[in-house]
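Chains A and B, in that order, are what the protein sequence lines are.
Position one of the first sequence corresponds to residue 1 (this note's numbering), numbered consecutively onward.
Position one of the second sequence corresponds to residue 1001 (this note's numbering), numbered consecutively onward.
Here is the structure we will look at, set down as structure tokens.
There are 2 protein chains.
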Amino acid sequence: MIIGANWHCVYIQFYYFLRGQIGGETVQNLSITLESGGKTPMYEQLYRYFAAEIARGHIRPGEKLPSKRALQEGLGISRSTVETAYGLLAAEGYIEARPRSGYYCGDLVAPASPEPRSRPAPEREPERQPPRGPDFSTASVDVSQFPYATWAKLNKEVVYSSPELLRRGHRQGDLPLRRALARMLGETRGVRCAPEDIVVGAGMEYLTGLILQLLPEATVLGLEDPGYTAMADTALALGRQVRYIPLDEAGMREDELRKSDVNVCYVTPSHQFPMGVTMPASRRSRILRWASEEPDRYVIEDDYDSEFRYVGRPIPSLKSMDDRGRVIYVGTFSRSLAPSIRVAYAVLPGPLLAKYRALSAHRLSTVSRYEQAVLALLMDTGVYGRYLRRLTGLYARRRARLLAALGDIPGIEVSGDGGGMHFLIMSRERTEPELLESALEQGLDLAGLSRYCHRYEPEGGCLVLGYGGVEEAQLSDACERLRRALK
Amino acid sequence: MIIGANWHCVYIQFYYFLRGQIGGETVQNLSITLESGGKTPMYEQLYRYFAAEIARGHIRPGEKLPSKRALQEGLGISRSTVETAYGLLAAEGYIEARPRSGYYCGDLVAPASPEPRSRPAPEREPERQPPRGPDFSTASVDVSQFPYATWAKLNKEVVYSSPELLRRGHRQGDLPLRRALARMLGETRGVRCAPEDIVVGAGMEYLTGLILQLLPEATVLGLEDPGYTAMADTALALGRQVRYIPLDEAGMREDELRKSDVNVCYVTPSHQFPMGVTMPASRRSRILRWASEEPDRYVIEDDYDSEFRYVGRPIPSLKSMDDRGRVIYVGTFSRSLAPSIRVAYAVLPGPLLAKYRALSAHRLSTVSRYEQAVLALLMDTGVYGRYLRRLTGLYARRRARLLAALGDIPGIEVSGDGGGMHFLIMSRERTEPELLESALEQGLDLAGLSRYCHRYEPEGGCLVLGYGGVEEAQLSDACERLRRALK
């Protein structure tokens, strides 16, 4: 009887009910289903059946199994099939052969409780649903601008021409990508580094986790408050001590940093997340000075959205001012290219690089070598740079449209809008829950500032508005909904 | 003067030497190089130059800067260029404008020591060199068997047809891949799990690191001795306590496990690494029994090379016997497909899944969604299964050739060869260094067992021979060299 078929073979199943004679007495029904012509040989199916019954405690230690002949005749299978199955079961301790008596269930350790507890049903997560209204999440990126045709073509070329990329690559990432990164970081962020200083990894969360593992165990990490909560999650999951350092209008307060027992601070100087502040050079030099005073002090500079700058000039990175090797620079393609491009990069100071090499002696890079090769080509051919300039123009226009839509609403102020892909909206008259509620009424699922705060309490209600993911076609509607929500 | 060109634009540079009049006195030479027609506007180049000089302490707080006119005339640039640059420098605290006097270097905090220490030169790592002789590393895989044409075609199709995969995917990995994995694990390893139970990650090191973060902070991890050293590295880097549990001919000793304070043990039951032992069902049930006795006990089952089995039948996985949700099952494509396919998978018990979801609320999968889609298609179309069967046949023949070559050498014994991609070679008469030395004389860079041992001391000399990466064309030569080395 054909009961199922897939692309490659047809299964024919026999059903047979065997009335088990165990210990001279009928104790249970054994119901054995074997599949003929399937992928699994008959003897293995028989073996698996008994192994599972024994493991689950349905057949108990000392109980007698059906004789070989009973199985052979009952199932209509060959003697060698039964012998092979029983031989395997005996070899692995499931059953024991007793001379001139037959086969008995072996002395496996029975489960601790007689009835196995049923496994709790996993929480069924809804697979991702499309957002209802315009997407103002700070994590979203406008992938419609992604240089798709070029990327697909490069991908095809690399995949078809480079079977050698299946082999083990360099653990820090392949040299062409690290070379392209070193050149780009030098040109656009003033970071003087060699390809040897760079480590490529599967996303920022992986890479920051790796960096925390390279720091001394007694490390106390100073985070911005308000700040990027995922960094706190990563640090706490790794058992690191965390302190929250307040900000002022120049970014992380250096005086508060000095008052704390922090030895490594994590900052987003180019466009603080979520406040949007750009750290001025004077504060940068103070933070660097702090770091240079003790041998185990470091600054983690997350330059996550420095590609996009609309007002003033990009201040050179902290790393470019770092003569003493105290800055760990990290950046990512997930925000500049697309969220699913899981490639981040770190520039490690000498001692951490040495520790990384010792730790990762047997490790491979976490990024596909094909993806690495495509990214290197995107940079080397200038496609990436042109794409970033186009995207900066697009985001600048989008930002201007949003600011214009908000500009004449009384009681509403906007800040942190000089760069990146988000800004803050502040209201002195309405609370955050009130703002979120009226946004929801307009179909906008916005983020309140409070979700990024540890001790910081904003005056009035604050929203964090990401505009990277708002589609162009939705922009007019998005502006209108926002106006209605905030009026 | 044209001094450089790349694909997209031509740079013309002017060199100009300005004799800086600072504080009424010539204190140093300022050498400013500006680039015309490049990507960076002139004012930004000027800004960057002074910002860097000040940050490095070459211009010190209170020193007077060249007048705007001096710069304008000296460099032959427009007044607005100089004004913009000075404006930026002032806005960011690098310089201060003093009325009717000019611009002075701001009160930036100077570096802690007058001369910046030079950064230690990074250890220059040689980029990967091709091995001299046949590759007997246990980490190598025969990528010549990889279904390259199909993979490349699927890759191309997915890349060209699915721009939506650039967006954020499911943090556990996309559903099609998890569905294909759940089906495969059910069919081939007896693992009953839903796609919701599976987490996909960028390689085994990432995934085991993640799992260790989900376990209670007080976790003491029991590792096999001898065992997989990378697991110890990962655990120690995460600050976990580690104990080494000795093995016997059935794998990890359950009595020693009970004597220890371990609450989570890591085992490779299908083909112990490196000893090659297959854990019999009786030991499996004992280990599971141990795990079921306390609420915080777990077993991490690394099923890393269970795809390949030559002798006897694959014993069902520990996870398939796990009625109480105590087994964390992990597997990888890096060994079955290719080292550069950085995709591993874990089946998490309910409580760990819940913790994972809390920890990873804001995280994305570490694997490219395109790579995920291609893998899912490879499995769904049966290509992956057929490839594994072909590879198993190939590895079986290769193993047989090697065993035949070693079979009649006096004093040499082989063990752990029932599955996987490696076996042990033991000599009672020669020490490990002696064996390694004679292998080297034959151009073979082999691994001694001792590198995987913590306290275990093998009797005689032992080598761990991986044959996954030995190319077919090299096999006769490889057998010959091995014979000469061991004779």
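Think of the CB as a built atom: it goes at the ideal place given N, C-alpha and C, for glycine as much as any other residue.
Every value quoted in this text rests on a predicted model; they were computed, and no experiment measured them.
Check: Top-ranked residue by Cα proximity to Gln1241 (chain B), from B:Cys1265, B:Asp1248 and B:Asp1255; Outcome: B:Cys1265
Check: Interfacial residues, the stretch 388 to 417 of chain A to chain B, with Cβ spacing under 8 Å; Outcome: none
Check: Start-to-end residues for the alpha helix (DSSP H) that takes in Gln213 (chain A); Outcome: Met204 to Leu214
Check: Beta-bridge partners of Met426 (chain A), as assigned by DSSP; Outcome: A:Glu413 and A:Cys462
Check: Simplified DSSP state of Thr1229 (chain B), which is helix, strand or coil; Outcome: helix
Check: Close beta carbons around His1454 (chain B), own chain, < 7 Å, minus the five adjacent residues each side; Outcome: Asp1225 and Tyr1244
Check: Per-residue contacts from Arg1048 (chain B) into chain A (C-beta, under 8 Å); Outcome: Gly190 and Pro316
Check: Delimiting residues of the beta strand (DSSP E) encompassing Gln241 (chain A); Outcome: Gln241 to Asp248
Check: Burial state of Ala1358 (chain B) (16 or more Cβ within 10 Å); Outcome: exposed
Check: Partners in chain B for Val330 (chain A), counting only beta-carbon separations shorter than 7 Å; Outcome: What Val330 (chain A) touches in chain B: nothing, since even the nearest Cβ is about 15 Å away.
Check: At least 3 beta-carbon pairs within less than 8 Å: the stretch 196 to 209 of chain A vs the stretch 386 to 405 of chain A; Outcome: no
Check: Neighbouring residues, chain B, relative to Thr366 (chain A) (Cβ below 7 Å); Outcome: Ala1202, Gly1203, Tyr1206, Arg1342 and Thr1366
Check: Run of the beta strand (DSSP E) containing Tyr1387 (chain B), from where it starts to where it stops; Outcome: Tyr1387 (chain B) -> not in any beta strand (DSSP E); alpha helix (DSSP H) instead, spanning Val1383 to Gly1407.
Check: Cutoff 7 Å: Gly420 (chain A) Cβ touching any chain B Cβ; Outcome: no
Check: Between the CA atoms of Gly1133 (chain B) and Gly1411 (chain B) - distance to the nearest angstrom; Outcome: 25 Å
Check: Leu1221 (chain B), DSSP secondary structure in three states; Outcome: strand
Check: Residue of A:Arg481, A:Ala51 and A:Gly325 minimising C-alpha distance to Cys193 (chain A); Outcome: A:Gly325
Check: Simplified DSSP assignment, three categories, for Met279 (chain A); Outcome: coil
Check: Glu1096 (chain B) - DSSP class collapsed to helix/strand/coil; Outcome: strand
Check: Chain A contact for Ser1161 (chain B) (CB, 7 Å cutoff); Outcome: no
Check: Classification of Lys1064 (chain B) by the beta-carbon crowding that lies within 10 angstroms, buried from 16 upward; Outcome: buried
Check: Sequence-distant residues of the same chain with beta carbon closer than 7 Å to Asp1135 (chain B), five excluded per side; Outcome: Gly1469 and Val1470
Check: Ordered list of alpha helix (DSSP H) runs contained in the stretch 278 to 319 of chain A, each at least 4 residues; Outcome: 281 to 292
Check: Boundaries (first-last residue) of the beta strand (DSSP E) holding Ala1358 (chain B); Outcome: First-last for Ala1358 (chain B): Gly1350 to Leu1359, but that is the alpha helix (DSSP H), not the beta strand (DSSP E).
Check: Contacting residues, own chain, Cβ-Cβ under 6 Å from Ser118 (chain A) (five flanking each side not counted); Outcome: For Ser118 (chain A), the predicted model reports a pLDDT of 40, less than 50, meaning its position is unreliable and no value from the coordinates is stated.
Check: Validate contact between the stretch 1430 to 1441 of chain B and the stretch 1245 to 1258 of chain B using beta carbons, cut 8 Å, 3 pairs; Outcome: no
Check: Host beta strand (DSSP E) of Ile198 (chain A) (start-end); Outcome: Ile198 to Gly201
Check: Same chain, Cβ closer than 7 Å to Ala230 (chain A), neighbours up to 5 away in sequence not counted; Outcome: Glu205
Check: Chain-ordered residues of the stretch 1238 to 1257 of chain B with a beta carbon less than 7 Å from chain A; Outcome: Leu1238 and Gly1239
Check: Check whether Ile1095 (chain B) and Leu1088 (chain B) have beta carbons under 7 Å apart; Outcome: no
Check: Backbone CA spacing between Gln1213 (chain B) and Glu1053 (chain B) [nearest angstrom]; Outcome: 45 Å
Check: Ile1198 (chain B) versus Tyr370 (chain A) - alpha carbon distance; Outcome: 25 Å
Check: Min CB distance Ala1097 (chain B) to chain A below 7 Å; Outcome: no
Check: Assigned secondary structure, Cys1105 (chain B) (DSSP; H/G/I helix, E/B strand, else coil); Outcome: strand
Check: 6 Å Cβ shell around Gln1272 (chain B) - same chain, five flanking residues per side excluded; Outcome: Gly1251
Check: Cβ-Cβ separation, Tyr1356 (chain B) to Arg1494 (chain B) (assumed contact under 8 Å), whole Å; Outcome: This structure leaves residue 1494 (chain B) out entirely; chain B is present only between 1001 and 1487.
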